[in-house]
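Q: Going by the UniProt record's numbering, the first residue of the sequence shown is number 1, and it counts up by one from there. Don't be surprised by glycine CBs; every beta carbon is placed ideally from N, CA and C. These figures come from a predicted structure and were not determined experimentally. Before anything else, here's the structure in question.
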Amino acid sequence: MDSDNERVAMRKKNEEARRRERQAALENSDSDIGLCGWLLVALSILLMLVTLPISIWMCIKIVKEYERAIIFRLGRILRGGAKGPGLFFILPCTDSFINVDMRTITFDIPPQEVLTKDSVTVSVDGVVYYRVQNATLAVANITNADAATRLLAQTTLRNVLGTKNLSEILSDREEIAHSMQSTLDDATDDWGIKVERVEIKDVKLPIQLQRAMAAEAEATREARAKVIAAEGEMNASRALKEASLVISESPSALQLRYLQTLNTIAAEKNSTIIFPLPMEMMQGFMKN
C-alpha cells in the first residue's frame, strides 16, 4: 500500500513538473520571433510614436478584476504570461489578445442513460463547478476548454456509474461525486482547469423498477408489522399467565380484582354490572 501511494505521489510530481515546463516554454516563447519579427515590432513602435496621441487609445487596454489577458505578439504568447487585472499595453498591428474569465463556472450534466454493474438502466444527471486556474494553458493547450470539460464530465459520469451497483448509486452519492471530481481534475490539469466540486443531482429509475421496489418495501413493512404483532401477543399471554398464577395463590386476590373491575365500570357511567356467581352455589341447585 505504501509503495502504491509513493508511485502515485511520484507520478503527480512528474506531471506537475512537466506542466510547469510547458507553461514556462509558452510564457517565454516571444524571444524566438527572429530578426524579421523584431523588425516588424520596431516598425509598429515607430508607427505608434508617429501617430501619438491618437494611437495611445489603441494601445491601452483594460481587463476587469475577474479577467486575465493573454497577449500574442506575432502569433507567440508574450513573455510574462497573462496580464491583468487593470491596464496593459499592446502594440498596434503586431499584438492581439484574448480575455479569459477566471470566475467559477457551473454547468449541468445532461441526464445520462447508464447501465449499472447489476444490469439496471438508470438516468443520472449532475452539476460541475470549475474555474480557469491557468489562463495561458487554457488558451494555448485546447481549443475550447468549456466544451471539452462538459464532454469529459458526461463521459466520466457514465464510466464511474458503470462500475457501481444500483444500491451503491443510491446510497454513495458523495463517494461517486468525489471520484468524479478527482478524475476530472487530473484530466483537465493540462488545460489549466481546476474542477472544484461535482454533485449528483438526481437518479431516475424506470417505472417498472420503481413499482417493484415499492412492492418489495411494502411487503417488508407488512412482514415486520406481523412479527411485531406476534411478539406483542406472546408477551401479553406470558403476562396473563403470570397474573393467573399470582391470583391462584391467594383466593382473596380474585375478589380484589373483581372490585377493581367494578370500579372501572362505574367510572365509565355504565349501567350494566355483572355479578359472578360461585360454582358451588350452582352445584346445589343442580343436585335438586
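(1) Helix, strand or coil: how does DSSP classify R79 here?
(2) Ignore the nearest five residues each way along the sequence and tell me which others in L74's own chain have a CB closer than 7 Å to its CB.
(3) Exposed or buried, I45, counting other C-beta atoms within 10 Å across all chains shown (16 or more means buried)?
(4) If V127 sits next to I109, beta carbons under 8 Å apart, how far is it from one beta carbon to the other, in whole angstroms?
(5) Would you mind working out which of E168, L78, E175 and A225 sits nearest L91, comparing C-alpha positions?
(6) Taking the straight line between their C-alpha atoms, what separation do you get for T121 and Q133?
(7) Please name the residue, chosen from E222, T188 and T51, that lies closest to L152 on a Cα-to-Cα basis.
(8) List, from N- to C-terminal side, the alpha helix (DSSP H) runs of 4 residues or more that fit wholly inside the segment 152-226.
(9) For R68 versus Y129, is the C-beta spacing smaller than 9 Å?
(10) Once you ignore the five residues that flank F89 on each side, which residues in its own chain have a CB closer than 8 Å to its CB?
(11) Might you give, ordered along the chain, the residues of its own chain that have their beta carbon closer than 8 Å to the beta carbon of W191, omitting 5 neighbours on each side?
A: Considering the structure as presented:
(1) Along the sequence shown, one-based indexing puts residue 79 at 79. Residue state, collapsed to three classes: coil.
(2) Numbered from its first residue, the sequence shown carries residue 74 at position 74. Contacts found: I33, G37, L40 and T94.
(3) For the purposes of this step, residue 45 is taken as residue 45 along the sequence shown, with counting starting at 1. Per the 10 Å Cβ criterion, exposed.
(4) For the purposes of this step, residue 127 is taken as residue 127 along the sequence shown, with counting starting at 1. For the purposes of this step, residue 109 is taken as residue 109 along the sequence shown, with counting starting at 1. Yes, they are in contact, since the Cβ atoms of V127 and I109 sit about 7 Å apart, within 8 Å.
(5) For the purposes of this step, residue 91 is taken as the residue at position 91 of the sequence shown. It is L78.
(6) To locate residue 121, count along the sequence shown from 1; it is residue 121. To locate residue 133, count along the sequence shown from 1; it is residue 133. Approximately 36 Å, taken between the alpha carbons.
(7) For this step, residue 152 is matched to residue 152 along the sequence shown. Considering only alpha carbons, the answer is T188.
(8) 166-171 and 173-187
(9) As a working mapping, residue 68 is identified with position 68 in the sequence shown. As a working mapping, residue 129 is identified with position 129 in the sequence shown. Against a cut-off of 9 Å, the Cβ pair of Y129 and R68 comes out as no contact.
(10) Residue 89 sits at position 89 when you count from the first residue of the sequence shown. Cβ neighbours of F89 beyond the five flanking positions: C59, I60 and K61.
(11) As a first step, residue 191 is located in the sequence shown; it is residue number 191 there, counting from the start. Answer for W191: L137, A138, N141, I142, A145, A148 and T149, listed in chain order.
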